[in-house]
Structure formats: C-alpha cells, structure tokens
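Working notes for the structure below.
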Amino acid sequence: MSNGLLEIFDPKAPPKPIGIDLGTTNSLVAYVKNDKPVTIRDCDQIALVPSVVHYGNGKGVVVGRHAQTLAAEHPRETIVSVKRFVGRGADDPETRRLGPYEFAERRDGEPNVVKFRVRDRVLTPVEVSADILRALKRQAEDELRSVGGAVITVPAYFDDAQRQATKDAGRLAGLDVLRLLNEPTAAALAYGLDKKVNGKFAVYDLGGGTFDITILVLDDGVFQVKSTGGDSALGGDDMDRALAEEIFRLGGRDSKDASPSEVRVVLDLARKVKHGLTEAGIVDVELPFAGARNASFTRARFDQLIEPLLARTGVACRRALRDAQVKPDDLDGVILVGGATRVPAVRTYVEKTFGKKPLADIDPDEVVALGAAIQANILAGQSTDEVLLLDVIPLSLGIEVGGGVVDRILPRNTTTPAGARATYTTQEDNQTGFEIHVVQGERELAADCRSLAKFTLKGIPPMAAGLARLEVTFRVDADGLLSVHAREERTGLEQTIEVKPSYGLDDDTVEQMLLDAIDHGEEDLAKRKLAEARIEAHRVVTSTKKSLAADPDLLEPGEREKIEAALSALEEAAKLEDARRITLRIDDLDAATKDFAGRRMNRAIAKAIEGQKVESVEETVEHAKGVEEAHAWRS
Amino acid sequence: MNPFQLLGTEQRFDLDLAALEKTHRELSRALHPDKFAASTSSERRAALEKAAAVNEAWRVLRDPIKRAEALFRLHDVAVGEDKEPKPSPMFLMEVMEQREELAEARAKKDLAKVGKLGEAMRAKAKATEMKLSNGFAAGTDPESLLPLLGELRFYKRFIEEVDAIEEEAAS
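For the record, the sequence lines run as chains Z and U. If you read the first sequence in our numbering, its first letter stands for residue 1, the second for the next number, and so on. If you read the second sequence in our numbering, its first letter stands for residue 636, the second for the next number, and so on.
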C-alpha cells in the first residue's frame, strides 16, 4: 500500500474506474478516492511516468524512468515522445524532425502509418503508446487491485486519425476505454468541481509536444466548450530543441552531423537547462562534447530562443477568442495546464495576452489526469455530481468535390455529438460509382487538408448525369470520432464506414496486434473475449430491464414479449462458453429494443422541453410578482 | 428534420435565443451519450442520434442565415445561391464600393477604418435581419423576402473578410 498502512481489501468492491493522461513527455493515472481525485504514485511516491519506452533484446519492454536512463545509450531502441508520431503518416514533416530514430519503409498497399525500426521489430506508435498504457494500468492495479473502465485524455486539437489511434492503443493495452476526453476540458472539470466556479474561462495547455487553447463556459455543472484551437506539434519539446541547437552551436558543432546518441544526450541536457532556468536566472553546464568546456545559459537568452514558439501560441489564442466571440476582458480566469507552463516566460506571455494573472493552483502536470478520473467515475455511475461536458470538433470536416475543393460539412467548433448531411449528384452520364474523400482541416483545397478516408460507393445503375443523388451523412460521437454513411437516393444503395483512416490501422490489424501481444495467443484471447462478452451481456440485461420498468406504457402490443424472449435467450447464452453466441444474442436484443429506445428518447426530449416551458412560465410569474411588489412598494 | 419543432419553439424568425440556449442545454442534459454510458447499445445509439439532431437544430436556429433558410424551406421556397434571385444592381454597386474601401484600408494598414467598415456592415446586417423578421411575422409572401437572404450572405462574407484582415494584422 502506498501510504504504508495496511488497508483491508474488499473483494466485492466494484472495479475502480481510472483516468489516464497520456502525455508527450509524461503520463499519469488517477482515480477518485473518497470523492477526491488523486494521482496514483509508484513505490518511490512519484506520479509522473516518463512517456519513454525501451525495447530490449527479445520481448523485454521497459517503461518510464528506467527507460529514460537507457535512452542515451540506446537511442534507437528507446522511443521518447511517441505521442508526436501518433496518427501521423510516414511522410509527415513532423515525423522527420530532430530525433535519433530509424523508420521502416512503407510497403505498397500498407496504410500510411509511421513505423519505428527497433532491433528486429517494426513498431507503430499505437503499439508503443499501448506499452505506456499497460505500464500505467499495472501501476493502478498495484494500488487498486481491480481496475475498471478508463478515460484517456487527448489534446483538443487532435484530429480524427490521432484520436482513433489513441483509442486503438487503449484497446491494445487491454483497457475498457469509456471515453476519450479533451485535455483542456478535463482540466476545467478538475478546476470547476473543486472551486465550484461559474463563468467564462480560457484553458492554456502547453504540454511536451502539443498546444491547446480552449474557451469554455462553466454554468452549474455544464462545461460548454465555445471554441478550441492549437497546434498538435508545438510544446516543451520544441523549447528543448531550440536549446539543443544552441548547445551544438556553442560546442562548435552542427546538429546535422551528430550521432543519434549525441542528439539524445544534448536533448536531455537541454531539458535540464530548461528546468534549471525555471528557478534560477542563470545555469552553468558542461558541454557534452570532446574537449568539453563550460557554458552559461541565462534566462534572458532562453526567453529570446522561445519567443517565436510563444508567438505561435498567441495566434491560436486570438483565433480561439474570436471564434468564441469573447474578449480577454470577458474572461473570469485563465487556467494553466501542462508542464511547459512552469516556464516563467510562458506565464508572463499568458498574462500579457489575456490581461490577467493565470490560475495554477492545481499542479499543471496533474490537473488533466485528475479531471479524467472524475469523468471516469461519472461515466461508471459512481458519482453523484451532475456534470455535463459539451465539447466541440477542433477542425472542420468535409468532402472533396469538383476541382479538389473541400465542401465543409461540419465546421470547426461544432458541438459534439454532431451530425450533418449533404447531397451530391453525378457529374457524368452512366457514372456507376461515387468516390468519397473525407478530409479534415481549414484549407480550401483537399490536398492541403488531412485526408481521413477514401471510399467508393459502387453499383449505381447507369443514369444520365445529375440524376443519381448521393446523400452523405457525417456523425461525430462524444469522443470526437467520425463515422460516415453514404446512400444513393434513387436505388437505396447504402454503405456505412467507420472512418477507416488513410493514416490508421484497420480493425483486423488491431485484432492481430492484440493476438500478438498476448503471450499464449488464441486461448487467452478467447478467454478474454468471453469475459468481456459476459460483462457486456450483464450490462445490457440490467439496463434493458430498467428501461422496461421505467416506461412500460411506451411498449406496443407484443413488444414486451419480443424483448423478453430476446432477454432470456441472452441470459441463457451467457451461461455457455461461447463469446460469439453471446454477441449474437446481444445484437438480437439490440434489434428488439431499437424502436422502444427511440420512443424513450423522444419522451426524454418532450420532458426536457416541457420542463423548460414550465420554468419560463414560472419566471414570467416571478417577474410579474416582482413588478407587482415593486408597485406596491412604491404606492 | 424541423429544427423549430425539435427544440419545441414556434416557427418564427425572431426567437428568444437566450431561452432557446437554455432549452438546448436541458435537452443536452437529457440526451448526451455520457448519460447513457451504462445503457444498451440501442439506447446509446438512439441518444447519440437525437443529441446530434438537437445540436444541429440549435446550430441552425442560432445562426440568422441558417434560421432564415430553414424558414424558407418550411414555406416550400428553395434556397441556395443558385436558386435565389440575383441581388439588385443598386445593392451590388453599394457592396462593391464598400469592398473597394476595405481593400484600400487594408493596403494602408488603416485598422481603425477596417473596424469601422465592419461595424457599418454589422449594423446593415442587423437592419436586414429586422426586415426579414417583420416580413415573416406579417405573413408577407416569402418569395418576395428572398432577396433579403441574399443580402445577408453578402454582409456575412464582408464581415468575415474584415475578421480575416484583423486577424492577419494581429499575428
């Protein structure tokens, strides 16, 4: 036990939900203990786990501080800041910056995913991230024994491919991912619930490798994001890199000629100098080159080096304010998140940009994980807090149309969940297929945006141009993940895709990785699937019974019998050892309850609107009473 | 989908947006997928669908142009720039002059002037919204109100340009 006292373990206690901040530089895991979110510390009482993974000979994987110490000696076998590579293509400039890695060539027909070559293995960022998540899960299990579902945070500015990759990593690590949560929203949740505040806030989140700015309104437990902006390739790492270049310069060296391990050593030294300059005005170090001499770094020089980086955050801040139609004066506070906000120049810059002193009373390294833990607790039904998080899409989603132009279907800062439809017609006579290219970004041309998916709706009967009508539906869920549905209106020909990203891994690949990751292969996977299916069956049975009890009057004649038959079939299947059969019965129950579920939602809508109307009538009455009283007082 | 119906409000142009925002929030409270984390997938799907529809309805109703488009459609009047009548030459002349002034101010980096032009255009947009609102309220033939929608589109584009110039100057 971490506090050194003997705690009595309750074997019947439900699994504890956890919140994970999967950061560029450091990761953390937290949970809610006696109504308070706390981070989980390791045996040395340290909560921060460096997001560093070392791959040894054979199957050995080392994560965290120990891996960090191996980085200098094994620069190519030790992956640092893997988050920078998540959901990116092999040809992405971001993956080609100063760093010691070797990349695997992409073979024809393979998805465009960057891959590290480590010894005799080829690893995707999803697998490396999964190794970090596994280590965090183990750390949580040491303290909690039984770990429940997990909320994993992502930068608000992450696009669909990066989100999907993060979720895949969670699955690969054997986590039940309840939700992906935006980091700034998580931070606001930790602040909002702690301080019971209402008002308009900006969250300035400068992490190791990503920058996010989010403007949100807190109102009685509703956290409504108004706008978000940022740069998913800007962070403390860039400060290290700027300092590293300076170190090479002072040593009379060119960083381009440096060996991988020199690069690693210099980057690590740069980070130490940065940390030193947070407290001190000047830091002396020994340069790590042959014939070494000492060098001094002043804070003034450091501030000068990072000025261009801060200016880039300022551009994003102003745009987010504009999108939210909020002026700096309207803000009730600015919340600082991310280790890089400890840098004094960052705090000064934020104060100047927003005209007020930023808030940092919750540790900026921990606040995101704490918020994630709160949300995990709420989603698992273990909290009484009435909280609602209304997030937005960070980047516009659209479809490529004639001339390579993007037709924007969902603009950035649309509240999630979101849905929208657009209709297109054929350009040529007898066109039998529609190619649909889904992109994300703000630029006019599809080629300048992020390509998310391409698919073709085939089998349209030959018709004159303009006669076939294709209806494309976009749907974004609460995780910010997109699915696309296409339908030809005349023939009713339909196709749905879970956006299989051009830059991602498809389900089969993830499944194969899951198999590979488990030592005993098939047998263990089968067991795990059975256990998961049973849990899901139990959940579905319980909640269906609850719904039947709650709204029996919404059932149509014969419907109850149909649902109850599906229920008992599922309960029977859950007693057997066949995961597939359970899943099929779940699907059957699902189909049987579909219409009933729709009616329940309509009732929920009617109730909410009715409640609003009653309230507004009451307000009018209140107001009239107030007027009367005012009159009475006057006379 | 009729956005007015979905948010339980009357079909009119001049809506009480503050009250409607509250309705949207209450609907979100009732329907957000997070509230159905423990439910069956049919309910989760139904909730996701409805929550997305409610969000879209609110997105339409709070935006004057989209709200007007929705009203026209409900009156069986086709909207979209290729379906609407061309604006009058007089209106086009006026906008062109304003545009030239904006280009000039931008070239001279006269931000005060840029801001002023933006303000003037916002005021015009407000006035047009008022006309549209009165027209719909009085039951005027919607077809005859259609040019007002075209004007709003022009104003919006102009204001976006002003914003872009200001943003460019600030960065």
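Beta carbons are placed, not taken as given, at the ideal position from N, Cα and C, and that holds for glycine.
If you drop the 5 nearest sequence neighbours on each side, which residues of the same chain put their C-beta closer than 8 Å to that of residue i?
{"i": "U/LEU784", "result": "ILE700, ALA703, GLU704, PHE707, VAL714, GLU719 and LEU767"}
{"i": "U/LEU642", "result": "LEU655, THR658, HIS659, LEU662, VAL689, ALA692, TRP693 and LEU696"}
{"i": "U/SER723", "result": "PRO782"}
{"i": "Z/ALA71", "result": "VAL52, HIS54, THR78, VAL80, ARG264 and ASP268"}
Does residue i come within less than 7 Å of chain Z when only Cβ atoms are used?
{"i": "U/LEU662", "result": "yes"}
{"i": "U/GLY643", "result": "yes"}
{"i": "U/ALA713", "result": "no"}
{"i": "U/ALA747", "result": "no"}
{"i": "U/ASN690", "result": "yes"}
{"i": "U/ALA703", "result": "no"}
{"i": "U/ALA738", "result": "no"}
{"i": "U/GLU796", "result": "no"}
{"i": "U/THR775", "result": "no"}
{"i": "U/ALA665", "result": "yes"}
Per DSSP, which residues does residue i bridge with? Please list them.
{"i": "Z/VAL263", "result": "Bridge partners of Z/VAL263: none, in fact."}
{"i": "Z/LEU123", "result": "Z/PHE116"}
{"i": "Z/SER568", "result": "Z/SER568 is not bridged to any residue."}
{"i": "Z/ASP676", "result": "Outside the modelled stretch of chain Z, which goes from 1 to 635, sits residue 676 of chain Z, for which no answer is possible."}
{"i": "Z/TYR424", "result": "Z/LEU470"}
{"i": "Z/VAL476", "result": "Z/ALA418 and Z/LEU482"}
{"i": "Z/HIS54", "result": "Z/VAL62 and Z/THR78"}
{"i": "Z/ASN26", "result": "Z/PRO50"}
Closest Cβ-Cβ distance between residue i and chain U: below 7 Å?
{"i": "Z/LYS594", "result": "yes"}
{"i": "Z/VAL52", "result": "no"}
{"i": "Z/THR415", "result": "yes"}
{"i": "Z/LEU379", "result": "yes"}
{"i": "Z/ALA202", "result": "no"}
{"i": "Z/THR544", "result": "yes"}
{"i": "Z/GLY598", "result": "yes"}
{"i": "Z/ILE582", "result": "no"}
{"i": "Z/ALA418", "result": "yes"}
{"i": "Z/ALA533", "result": "no"}
{"i": "Z/VAL350", "result": "no"}
Quick one: Cα of residue i to Cα of residue j, how far?
{"i": "Z/VAL350", "j": "Z/LEU554", "result": "54 Å"}
{"i": "Z/LEU267", "j": "Z/ARG580", "result": "50 Å"}
{"i": "Z/GLY626", "j": "Z/CYS449", "result": "With a pLDDT of only 49 at Z/GLY626, under 50, the local geometry of the prediction cannot be trusted, and the value read off the model is given with reservation. Z/GLY626 and Z/CYS449: Cα-Cα distance of roughly 56 Å."}
{"i": "Z/VAL315", "j": "U/LEU655", "result": "33 Å"}
{"i": "Z/ILE399", "j": "Z/THR153", "result": "28 Å"}
{"i": "Z/GLU536", "j": "Z/SER129", "result": "26 Å"}
{"i": "Z/ASP212", "j": "Z/VAL346", "result": "14 Å"}
{"i": "Z/ARG528", "j": "Z/VAL126", "result": "21 Å"}
{"i": "Z/PHE434", "j": "Z/PHE223", "result": "40 Å"}
{"i": "U/ARG757", "j": "U/LYS748", "result": "14 Å"}
{"i": "Z/ASN377", "j": "Z/ALA233", "result": "31 Å"}
{"i": "Z/GLN325", "j": "U/ILE794", "result": "13 Å"}
{"i": "Z/THR423", "j": "U/ASP717", "result": "15 Å"}
{"i": "U/ARG792", "j": "Z/ASN294", "result": "58 Å"}
{"i": "Z/ASP551", "j": "U/ALA682", "result": "16 Å"}
{"i": "Z/ALA48", "j": "Z/HIS275", "result": "The question names Ala, but residue 48 of chain Z in the sequence shown is Leu. Going from the Cα of Z/LEU48 to the Cα of Z/HIS275 covers about 15 Å."}
{"i": "Z/SER568", "j": "Z/THR415", "result": "39 Å"}
{"i": "Z/LYS36", "j": "Z/LEU389", "result": "19 Å"}
{"i": "Z/LEU309", "j": "Z/ALA244", "result": "15 Å"}
{"i": "Z/ASP284", "j": "Z/GLN139", "result": "36 Å"}
{"i": "U/LYS759", "j": "U/ALA773", "result": "21 Å"}
Report all residues from its chain with a CB closer than 6 Å to the CB of residue i; omit the five preceding and five following residues, and keep chain order.
{"i": "Z/ASP534", "result": "Before going further, note that residue 534 of chain Z is Arg rather than Asp in the sequence given. Here the set comprises ALA574."}
{"i": "Z/ASP588", "result": "ALA566"}
{"i": "Z/ALA156", "result": "ASN182, PRO184, ASP212, THR214, THR228 and PRO394"}
{"i": "Z/VAL151", "result": "GLY19, LEU178, ARG179, LEU181, ALA372, GLN375 and ALA376"}
Can you list, in chain order, the residues of its chain whose CB lies under 7 Å from that of residue i, leaving out five sequence neighbours each side?
{"i": "U/PHE726", "result": "GLU786"}
{"i": "Z/SER51", "result": "GLY23, THR24, THR25, ASN26, SER27, SER81, VAL82, LYS83 and ILE132"}
{"i": "U/LYS657", "result": "none"}
{"i": "Z/ARG121", "result": "TYR55"}
### Selection of the region 668-687 of chain U by Cβ proximity to chain Z, strictly under 7 Å
PRO668, ASP669, ALA672, ALA673, SER674, THR675, SER676, SER677, GLU678, ALA681, ALA682, LEU683, LYS685, ALA686 and ALA687
### Query
Looking at chain B, which residues of the region 381-394 of chain Z have a Cβ within less than 9 Å of any of its Cβ atoms?
The structure shown contains no chain B; its protein chains are Z and U.
### Message
Residues of the region 547-575 of chain Z in Cβ contact with chain U at a cutoff of 8 Å, in chain order, please.
### Response
SER547
### Query
What residues in the region 450-484 of chain Z bring their beta carbon closer than 7 Å to a beta carbon of chain U?
ARG475, ASP477 and ALA478
### Query
What residues from the region 750-781 of chain U come within 9 Å of chain Z, judged by C-beta to C-beta, listed N to C?
none
### Task
Scan the region 603-618 of chain Z for residues whose Cβ lies nearer than 9 Å to a Cβ of chain U and list them as they occur along the chain.
So the list reads ALA604, ILE605, ALA606, LYS607, ALA608, ILE609, GLU610, GLY611, GLN612, LYS613, GLU615 and SER616, given in the order they occur along the chain.
### Query
In the region 294-328 of chain Z, which residues sit with their C-beta less than 7 Å from some C-beta in chain U, listed in chain order?
VAL315, ARG318, ARG319 and ARG322
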